[in-house]
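> In the UniProt record's numbering, the protein residues as written are 1 to 120. A single structure is presented below for examination.
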Amino acid sequence: MTNFNISCTHFYFIIMTTNTAVLSLLQPSSEKLSGGPVTLACLLTGYSPQGAEVRWEVDGTDVTEGVLNSLEEEKSSHYSSSSTLMLSQENWMNAEVFSCRVNHHDYWQSKSFRKNRCEG
């Protein structure tokens, strides 16, 4: 008589689709540059799953002071969020390049603008 040992192993794979964010970097209007703090905004739309992280750079240096990140909002399985960077008039005048960098599940994107190309 022969004994057969049958062992079954089941593997389940979860496939998660990642949609990258669409980034928009909004610079201050010329009216907002006349005095007081200057605010820049980075808008993220259409990404999934949640978990986007925003970082700001000014002239290539990470900036954390003056940063305000919104909560992620979900609509139809896609997320959106925003981040603002508030700079003093002095920091705005002394800087040249402003960048919003986004890490979404180890995929990095960035939007930048060079001030002297945007002011007219």
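Using N, Cα and C, we set each Cβ at its ideal position, and we do this for glycine too. This structure is a prediction, so every number in the text was calculated from the model and none was measured.
If you follow the beta strand (DSSP E) that Gln109 is part of, which residue opens it and which one closes it?
Element bounds for Gln109: Tyr107 to Arg114.
> If you reduce the DSSP assignment to three classes, tell me which class Leu33 lands in.
In this structure, Leu33 counts as helix in the three-state DSSP scheme.
> Does the segment 16-36 touch the segment 58-68, meaning 3 or more C-beta pairs lie closer than 8 Å?
Output reads no: the segment 16-36 does not touch the segment 58-68.
> Determine the DSSP secondary structure at Arg101, reduced to helix, strand or coil.
In the structure shown, Arg101 sits in a strand (DSSP, three-state: E or B).
> Taking only three categories from DSSP, how would you classify Gly120?
Note that Gly120 scores 39 on pLDDT, short of 50, meaning its location in the model is unreliable and no value can be drawn from it.
> By Cβ distance, which residues of its chain are closer than 8 Å to Pro49, with the 5 residues on each side in sequence left out?
Met16, Thr18, Tyr79 and His105, listed in sequence order.
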